[in-house]
Every structure is written in structure tokens, then in C-alpha cells.
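Here's the structure, in C-alpha cells; my notes come after.
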Amino acid sequence: MYRLLLFLIMITLLLVACSEGLEENTIKNVKLSDLDRSISKVSSDQMSVHEFNVSEEYNWLEVWVEKYVDGELVEDDFKFSKGVESEGHIIFSTDRDDNFSFNIGITNNGSVGTSHGHDPISEDREVTSFGWTINDEMVVSEEELPLAGKFYINEERRMGFSGNTLEEWDDYKDDYDLAYIVKARFTNEN
1 MYRLLLFLIM ITLLLVACSE GLEENTIKNV KLSDLDRSIS KVSSDQMSVH
51 EFNVSEEYNW LEVWVEKYVD GELVEDDFKF SKGVESEGHI IFSTDRDDNF
101 SFNIGITNNG SVGTSHGHDP ISEDREVTSF GWTINDEMVV SEEELPLAGK
151 FYINEERRMG FSGNTLEEWD DYKDDYDLAY IVKARFTNEN
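So the sequence shown is residues 1 to 190, counted in UniProt numbering.
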């Protein structure tokens, strides 16, 4: 409960800091200030924030996490959806523990929707984790939009993926023991 409260406080601070305006039908990674990063470290291991601005053409947002083991998609069951209008944010954070625990937040028009997921990581995997934003800015369409990822690698494997695009991820996904990719899709549910 404490982490969820900190997550909601963090979302509120980010909303104030990120209101610069954005071209319509665009989603972009928000560069966090030093204060934002410090606050996020209290309740999370890593955090990715994306700001969006959509036209009336889009009124529904779905965010989900895909799980890959040794480069193969094994699960994409965790989904979170919310009605949206105009401008908002998608916040994805991971917890500091030995398992993959995460929070997803969607903010829009003063409302906040949050969801929490958890996926135990097998204890026989000795891995190092790292994560980053996959794309800095994208045009919104009804296609899947890759936002961020958290990657786990065995010390014996090499890291080749630099985190620039999902296409590059496809080229290197076999290099990782375990990976979680956060994706979003905007649609019209009328």
C-alpha cells in the first residue's frame, strides 16, 4: 500500500512537470528531472514516463506487458485499459526485488488509473537486470507502440541491443534470458 501511495504522489508531481504541450497524435518519452528521478527511487527500481496527445479519433488506451524467455514470447496476459481524451501520461515502474513486480499508471483529464502486476523469476536464473525506453517519440496509430522494456541477462551472454527500436529488439531478443516489453495501443471504442 505504501508503494502504491508513493507511486500516486509521483504521478501527481510528474503531471505538473510534464505539461509542455505536445503535437496531436504523438506519444513521447518524458525526460525526468533530478527531483523526479530521486522521488521515483523511493518507490521503484526503474521508471518510464510517456506523455501522449491524441485527437478525438482515439478514445481508448490499452497498455500491456509481453514476457519473453530466451527470445520466445511466452505471455502477454497482463493488460490494462482506460478511456482517454486528449492529453495524458503512461507511467511504468518496476520494483526493487528479486521478482518482476511492476506498476502501470494511466493519467488523463485529472483521473488516474493504476494496476500492479507480478511475475516470479525462477531462482535458478542468475541474471543481471537493466531497462530503458525503447522509443523516444512515436506517431499514434492503432498499431502496437513499444514503450519500454526490462531485460535480464546471464553473465555469460553478451548484450547487443541498444534499445533504440523494436525492430532492433527483434534482431537481438535471443541474447536475453528474460525480457518484459511494455506496449500500448490507442483505439476508438465507439
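Ideal Cβ placement from N, Cα and C applies to all residues, glycine included. Bear in mind that the values here come from a model prediction, so they are computed numbers and not experimental data.
Straight-line gap, residue i to residue j (C-alpha atoms, nearest Å)
| i | j | result |
| --- | --- | --- |
| residue 144 | residue 61 | 11 angstroms |
| residue 171 | residue 74 | 18 angstroms |
| residue 151 | residue 180 | 6 angstroms |
| residue 118 | residue 72 | 19 angstroms |
| residue 28 | residue 88 | 11 angstroms |
| residue 31 | residue 101 | 23 angstroms |
| residue 67 | residue 23 | 31 angstroms |
| residue 113 | residue 78 | 15 angstroms |
| residue 35 | residue 54 | 28 angstroms |
| residue 120 | residue 142 | 31 angstroms |
| residue 44 | residue 175 | 26 angstroms |
Burial state of residue i (16 or more Cβ within 10 Å)
| i | result |
| --- | --- |
| residue 105 | buried |
| residue 76 | exposed |
| residue 177 | buried |
| residue 65 | buried |
| residue 42 | exposed |
| residue 103 | buried |
Whole-Å CB distance - residue i paired with residue j, under 8 angstroms assumed
| i | j | result |
| --- | --- | --- |
| residue 33 | residue 148 | Not really, about 18 angstroms apart at Cβ, beyond 8 angstroms. |
| residue 80 | residue 115 | 4 angstroms |
| residue 69 | residue 90 | Contact flag wrong, Cβ pair sits at about 25 angstroms. |
| residue 85 | residue 99 | Wrong, their Cβ atoms sit about 35 angstroms apart, outside the cutoff. |
| residue 146 | residue 183 | 5 angstroms |
| residue 186 | residue 139 | Not confirmed; about 11 angstroms, so no contact. |
| residue 188 | residue 25 | With 8 angstroms as the limit, residue 188 and residue 25 do not qualify as a contact, their Cβ atoms being about 12 angstroms apart. |
| residue 93 | residue 40 | 7 angstroms |
CA nearest to the CA of residue i, picked from the options
| i | options | result |
| --- | --- | --- |
| residue 95 | 137, 113, 46 and 186 | 46 |
| residue 51 | 137, 40, 93 and 59 | 137 |
| residue 83 | 56, 101, 102 and 103 | 56 |
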